[in-house]
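Colleague:
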Amino acid sequence: MRETAVEPIVGGDDGSLAEQVWRNAAEDPDAVQFIRPDPDPRSWPVRRSGRGGALPVTCRQFRDDVLALARGFVAAGVGHGDRVGLLSRTRYEWTLVDYALWSIGAVSVPVYDTSSVEQVRWMLGDSGAVCCVLETADHAASVTGVRAELPELRQIWRIDTGDLIELVARGNAVDAVEVDARRAAVTGDDIATIVYTSGTTGAPKGCVLTHRNLSADIGNATEVLPQLLHPGASTVLFLPLAHAFARMIQVGVVHTRTTMVHSADMSGVLDQLRRFRPTFVLAVPRMFEKMHDQARHSAEDARREWLFGLAERTAVRYSRALDTPHGPGRLLRLAHLVCEFAAYRRLRAALGGRCRMAFVGGAPMAERLGHFFRGAGITILEGYGLTEASPALTANLPTAMRIGTVGRPLPGVRLRIADDGEIHARGAMVFGGYWANPEATRETLTDDGWLRTGDLGRIDDDGFLRITGRTKEVMVTTAGKNLVPGPIEQRIQAHPLVSQVMLVADGRPYPAALVTVDPQAWTRWREQHGHSGASVSALREDPTLRGEIQTAIDRANRSVSRAEQVKTFRILPRDLTEADDELTPTLKIKREVVQEHFADEVEALYQGH
Numbered sequence: 001m002r003e004t005a006v007e008p009i010v011g012g013d014d015g016s017l018a019e020q021v022w023r024n025a026a027e028d029p030d031a032v033q034f035i036r037p038d039p040d041p042r043s044w045p046v047r048r049s050g051r052g053g054a055l056p057v058t059c060r061q062f063r064d065d066v067l068a069l070a071r072g073f074v075a076a077g078v079g080h081g082d083r084v085g086l087l088s089r090t091r092y093e094w095t096l097v098d099y100a101l102w103s104i105g106a107v108s109v110p111v112y113d114t115s116s117v118e119q120v121r122w123m124l125g126d127s128g129a130v131c132c133v134l135e136t137a138d139h140a141a142s143v144t145g146v147r148a149e150l151p152e153l154r155q156i157w158r159i160d161t162g163d164l165i166e167l168v169a170r171g172n173a174v175d176a177v178e179v180d181a182r183r184a185a186v187t188g189d190d191i192a193t194i195v196y197t198s199g200t201t202g203a204p205k206g207c208v209l210t211h212r213n214l215s216a217d218i219g220n221a222t223e224v225l226p227q228l229l230h231p232g233a234s235t236v237l238f239l240p241l242a243h244a245f246a247r248m249i250q251v252g253v254v255h256t257r258t259t260m261v262h263s264a265d266m267s268g269v270l271d272q273l274r275r276f277r278p279t280f281v282l283a284v285p286r287m288f289e290k291m292h293d294q295a296r297h298s299a300e301d302a303r304r305e306w307l308f309g310l311a312e313r314t315a316v317r318y319s320r321a322l323d324t325p326h327g328p329g330r331l332l333r334l335a336h337l338v339c340e341f342a343a344y345r346r347l348r349a350a351l352g353g354r355c356r357m358a359f360v361g362g363a364p365m366a367e368r369l370g371h372f373f374r375g376a377g378i379t380i381l382e383g384y385g386l387t388e389a390s391p392a393l394t395a396n397l398p399t400a401m402r403i404g405t406v407g408r409p410l411p412g413v414r415l416r417i418a419d420d421g422e423i424h425a426r427g428a429m430v431f432g433g434y435w436a437n438p439e440a441t442r443e444t445l446t447d448d449g450w451l452r453t454g455d456l457g458r459i460d461d462d463g464f465l466r467i468t469g470r471t472k473e474v475m476v477t478t479a480g481k482n483l484v485p486g487p488i489e490q491r492i493q494a495h496p497l498v499s500q501v502m503l504v505a506d507g508r509p510y511p512a513a514l515v516t517v518d519p520q521a522w523t524r525w526r527e528q529h530g531h532s533g534a535s536v537s538a539l540r541e542d543p544t545l546r547g548e549i550q551t552a553i554d555r556a557n558r559s560v561s562r563a564e565q566v567k568t569f570r571i572l573p574r575d576l577t578e579a580d581d582e583l584t585p586t587l588k589i590k591r592e593v594v595q596e597h598f599a600d601e602v603e604a605l606y607q608g609h
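No gaps in the numbering here: position 385 of the sequence shown is 385 in the UniProt record's numbering, and each next residue is one more.
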């Protein structure tokens, strides 16, 4: 086994995560902790209007809001250790509810706002939630439709109808001293949250995370990422807070008094970025893939594709040269300066103009894409983790990064590579087990306390971790060849026309692929090729379209051995969707579901063999 570790800089706090809210209010009460874009006074009181309708929330105001809502929860009978469901899009009230529950020792149970009725029933029922805070009429319908199957669920509060405001009024009868006493009684070993995995197989499992788990993870991460999280820095958060990655940033901004803007409307993200001009963003790689493609399309529309090609090649070469002992040469620096004025400034303007760093996770990022954005002035720090680890385990840092890897272990993290290639982890951030599921806990934690991540990886001589696949996704062909689908799928997906790729090879004679077309790229492609209004379904056998996809596959095939190369492919008639249960909320493919939904397509891949 190969092992690497970094000693912790700080230990996990002994008390509640909510203590930081009170510390911030005492140390810097007027610092702006959050900005509420265009807040609705019916959901939570609006004290005063900020510029353009935005409402700044200072550290003092946030403390007062948390205290007021905490008193309401106490009045409603929410006790220490009680589980409370939280079903909402990303918004100020989500964070407010989270910290109000933590301040009285209650346990928040996040539920993705896109969850099906069955998933809602399972998470609320399995956790034994006694109450639920939800956002909209649709969310309310999901819960009320299964309420008869949730005997422990006593109360439901809906954000957009003012139920939280009424709850605060009810809490006026509770002395603030009661909240102080409950907060003081919370220990680091108390459960802070139960986060249900959005796994690609089986029912979601509830990861039990304590206050110490979360504070140890974010406390050490912020020590080595001061360029990202610090007073004066800001971010626009548009990822769902039900995801552990976004939740970590929520805790991190409070921990460091960084300013955060909640953005619930994914379709309006670019407008929010331009409006609030964050210094960093949190994203998944797909966002940067789309930014790259949109920049290229804009150049093509202006008949300046030659300029984009030059700027792309220059950015990649410049970034790669930064990793060499002597750095970029004089001619490369000159070319980079020209491209800065001609192209890179416009690219950064899409993120508001001030953003020079981004933190990405949730899926692997193409190495060339990472070099392109760093060369264009946006350093993308790729990290790795999982919900069971609160969630961050490794990260590339501005002072120590290697594009193509997920970085070195964060302080306090120990990693080892098992004999079968699986990554194991341990540290104060690693959870103690799944809620009411000892069998799954035994399968996930080794006898000596290491977390089996389910991911395959390699640690290089400098301690950087490279993810190579998933243990459960290793495929074996009938010829006995083992292959990991992730790397080649990622390379095919880099083509601008491709949305999703899923390899098929397990128990089959050779690897083949199911490919879907990106809806936005499709509109453009069909217009350019004289197929205005045509659907993917109608044109998926079109030789020109298939030739485009074949080009992407040929390029990807050159990176693997002959036995691992994709021999044939099928273009699916539509894209994969979360609504059809084919993708998780973090856009991971549910392979078994896709194979079931497109069984005929899979068989067609091997007809005549």
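Glycine is no exception: its CB is placed at the ideal position from the N, C-alpha and C atoms.
Would you list the one or two residues that DSSP bridges to Trp157?
Modeller: For Trp157, which the question treats as bridged, DSSP gives the partners Val133.
Colleague: Could you give the distance in angstroms between the alpha-carbon of Leu282 and the alpha-carbon of Pro37?
Modeller: For Leu282 and Pro37, the distance between alpha carbons rounds to 18 Å.
Colleague: Alpha carbon to alpha carbon, how far is Arg591 from Trp122? Give it in angstroms, no decimals.
Modeller: Rounded to the nearest angstrom, the two C-alpha atoms are 22 Å apart.
Colleague: Per the DSSP calculation, Glu3 is bridged to which residue(s)?
Modeller: Glu3 pairs with Arg416.
Colleague: What distance in whole Å lies between the Cβ atoms of Val360 and Val284, which are believed to be in contact at a cut-off of 8 Å?
Modeller: Between Val360 and Val284 the Cβ distance is about 6 Å, and since that is below 8 Å, they are a contact.
Colleague: According to the Cβ coordinates, are Leu101 and Asp65 closer than 8 Å?
Modeller: No. Outside cutoff.
Colleague: I'd like to know if the stretch 586-606 and the stretch 485-502 are in contact, where contact means that at least 3 CB-CB pairs between them fall below 8 Å.
Modeller: Touching, yes, given that three or more Cβ pairs across the two stretches are closer than 8 Å.
Colleague: Out of curiosity, what's the CA-to-CA distance linking Thr441 and Asp113?
Modeller: If you take the alpha carbons of Thr441 and Asp113, they lie about 27 Å apart.
Colleague: Whole angstroms are fine: how far does the CA of Cys339 sit from the CA of Leu331?
Modeller: Computed Cα separation, rounded: 12 Å.
Colleague: Can you say whether Arg2 is buried or exposed, counting buried as having 16 or more other CB atoms within 10 angstroms of its CB?
Modeller: Arg2 comes out exposed.
Colleague: For Phe372, collect the residues of the same chain with a Cβ closer than 8 Å to its Cβ; drop the 5 residues on either side in sequence, then sort them by chain order.
Modeller: Answer for Phe372: His292, Glu312, Ala315, Val316 and Ser319, listed in chain order.
Colleague: Is DSSP giving Phe288 helix, strand or coil here?
Modeller: Of the three classes helix, strand and coil, the one that applies to Phe288 here is helix, per DSSP.
Colleague: What is the DSSP secondary structure of Met266, counted as helix, strand or coil?
Modeller: Three-state result, Met266: helix.
Colleague: Closer than 7 Å by C-beta to Asp419: which residues in its own chain qualify, once you throw out the five before and the five after it? Chain order, please.
Modeller: These residues qualify, in order along the chain: Met1.
Colleague: Compare the beta carbon distance of Gly79 and Leu124 with 8 Å and say whether it is the shorter of the two.
Modeller: Contact: no.
Colleague: How many whole angstroms separate the CB atoms of Thr235 and Pro278, which I take to be in contact at a CB cut-off of 8 Å?
Modeller: Rounded, the Cβ-Cβ distance is 5 Å, consistent with contact.
Colleague: Which value, in whole angstroms, describes the spacing of the CA atoms of Leu273 and Gly407?
Modeller: Taking the straight line from one Cα to the other gives about 27 Å.
Colleague: Determine which residues share a DSSP beta bridge with Leu434 and list them.
Modeller: The sequence given here places Tyr at residue 434; Leu does not occur at that position. DSSP output for Tyr434 lists Cys207 as bridge partner(s).
Colleague: Apart from the five residues on each side of it in sequence, which residues of its chain come closer than 6 Å, Cβ to Cβ, to Asn24?
Modeller: Cβ neighbours of Asn24 beyond the five flanking positions: Cys59 and Arg257.
Colleague: Could you check where the beta strand (DSSP E) with His114 kicks off and where it finishes?
Modeller: A small fix is needed here, since residue 114 is Thr in this sequence, not His. First-last for Thr114: undefined, no H or E at that position.
Colleague: Drop a sphere of 10 angstroms on the beta-carbon of Pro56, count the other beta-carbons inside from all chains shown, and report buried for 16 or more, exposed for fewer.
Modeller: So Pro56 counts as buried.
Colleague: Given this structure, state the Cα-to-Cα distance separating Arg42 from Gly162, to the nearest angstrom.
Modeller: Cα to Cα, Arg42 sits roughly 5 Å from Gly162.
Colleague: Using a threshold of 8 Å, state whether the C-beta atoms of Arg540 and Ile571 are closer than that.
Modeller: Yes; because the gap between Cβ atoms is below 8 Å, this pair is in contact.
Colleague: With a cut-off of 8 Å on the beta carbons, I'd call Ile165 and Leu134 a contact; round off their distance for me.
Modeller: Ile165 to Leu134, Cβ: 15 Å. No contact.
Colleague: Based on Cα-Cα distance, which residue from Leu337, Arg491 and Ala579 lies nearest to Val560?
Modeller: Out of Leu337, Arg491 and Ala579, Arg491 has the C-alpha closest to the C-alpha of Val560.
Colleague: Drop a sphere of 10 angstroms on the beta-carbon of Val515, count the other beta-carbons inside from all chains shown, and report buried for 16 or more, exposed for fewer.
Modeller: With 16 or more other Cβ atoms within 10 Å, it is buried.
Colleague: Looking only at its chain, what residues have a beta carbon closer than 7 Å to the beta carbon of Glu93, apart from the 5 residues adjacent to it on each side?
Modeller: Correct list, in chain order: Ser43, Trp44, Ile159 and Leu164.
Colleague: Using CA atoms only, rank isn't needed, just tell me which of Pro39, Val224 and Ser103 is closest to Asp190.
Modeller: If we check each option's Cα against that of Asp190, Ser103 comes out closest.
Colleague: Among Gly377, Leu451 and Ala363, which one has its Cα closest to the Cα of Leu351?
Modeller: Ranking Gly377, Leu451 and Ala363 by Cα distance to Leu351 puts Gly377 first.
Colleague: Suppose you measure from the CA of Ala342 to the CA of Trp306; what does that come to, to the nearest Å?
Modeller: Looking at the two C-alpha atoms, the distance is approximately 12 Å.
Colleague: Do you know how far the Cα of Ala216 is from the Cα of Met357?
Modeller: Whole-angstrom Cα-Cα distance: 23 Å.
Colleague: According to DSSP, which residues form a beta bridge with Leu86?
Modeller: Per DSSP, Pro110 and Val133.
Colleague: How long is the line joining the alpha carbons of Pro485 and Tyr384, rounded to whole angstroms?
Modeller: Approximately 19 Å between the Cα atoms of the pair.
Colleague: So what's Pro543 in DSSP terms, helix, strand or just coil?
Modeller: The answer is helix: DSSP assigns Pro543 an H, G or I state.
Colleague: In or out: Lys472 buried (at least 16 other Cβ within 10 Å) or exposed?
Modeller: Counting Cβ neighbours within 10 Å, Lys472 comes out exposed, since fewer than 16 surround it.
Colleague: Classify Ala366 as helix, strand or coil using the three-state DSSP reduction.
Modeller: Coil.
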